[in-house]
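Trainee: One gets the numbering used here by counting positions in the sequence shown from 1 and adding 3 to each. Submitted below is the structure of interest, expressed as structure tokens.
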Amino acid sequence: MSAITILPASGDLSPAPTKRFRRTFSGRRDTPEALARQAKVTLLAFRAHETREDAVAFLNVEHADLGGRPIDIGARDDAGYAAVEAILLPAAPGAR
């Protein structure tokens, strides 16, 4: 009895290319300090706004007084965090 060999329709016997499980990250990674500032700005925004949707909208929409999105400005450096904090603190009950 002989074995049956199944060949691809094209007749190509080379192995199929393999896919990698995940791609290598090539973007910019934030520093731990920037991530901490971003978390503090986010928490402050959630305290200052009545709904989650309002807080997320505030963080992600360009703010004229800041010259950018509060989430980006607040995470950039300490001065940016202070600028966002100055806008949010008056509206945040018990934030300090």
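Beta carbons: idealized from backbone N, C-alpha and C, even for Gly.
Where do the ends of the alpha helix (DSSP H) carrying alanine 42 lie?
Mentor: Counting from 1 along the sequence shown, the entry for residue 42 is found at position 39. Note, alanine 42: alpha helix (DSSP H), 35-51.
Trainee: Is leucine 69 closer than 8 Å to threonine 45 when the C-beta atoms are compared?
Mentor: In the sequence shown, the residue the question calls residue 45 occupies position 42. In the sequence shown, the residue the question calls residue 69 occupies position 66. No. Outside cutoff.
Trainee: Leaving aside the five residues before and after arginine 40 along the sequence, list all residues of the same chain whose C-beta is less than 7 Å from its C-beta, in chain order.
Mentor: In the sequence shown, counting from the first residue as 1, residue 40 sits at position 37. Counting only Cβ-Cβ distances below 7 Å, and skipping sequence neighbours, we find Gly77, Ala78, Tyr84.
Trainee: Give every residue of the same chain whose Cβ lies closer than 8 Å to the Cβ of arginine 55, excluding the five residues on either side of it in the sequence, and list them in chain order.
Mentor: As a first step, residue 55 must be located in the sequence shown, where it is residue number 52. Contacts found: Phe49.
Trainee: In its own chain, which residues sit with a C-beta less than 8 Å from the C-beta of leucine 47, not counting the 5 before and 5 after it?
Mentor: Residue numbering aside, residue 47 sits at position 44 when the sequence shown is read from its first letter. Only Val87, Glu88, Leu91, Leu92, Ala95, Ala98 meet the Cβ criterion.
Trainee: With DSSP as the reference, label glycine 71 as helix, strand or coil.
Mentor: In the sequence shown, counting from the first residue as 1, residue 71 sits at position 68. Glycine 71 carries a strand assignment under DSSP once its states are collapsed to helix, strand and coil.
Trainee: Would isoleucine 7 be called buried (16 or more neighbouring beta carbons within 10 Å of its own) or exposed?
Mentor: In the sequence shown, the residue the question calls residue 7 occupies position 4. With fewer than 16 Cβ atoms within 10 Å of its Cβ, isoleucine 7 is classed as exposed.
Trainee: Which residue comes first and which comes last in the alpha helix (DSSP H) that contains glutamate 88?
Mentor: The residue labelled residue 88 in the question sits at position 85 within the sequence shown. Counting along the chain, the alpha helix (DSSP H) containing glutamate 88 begins and ends at 81-91.
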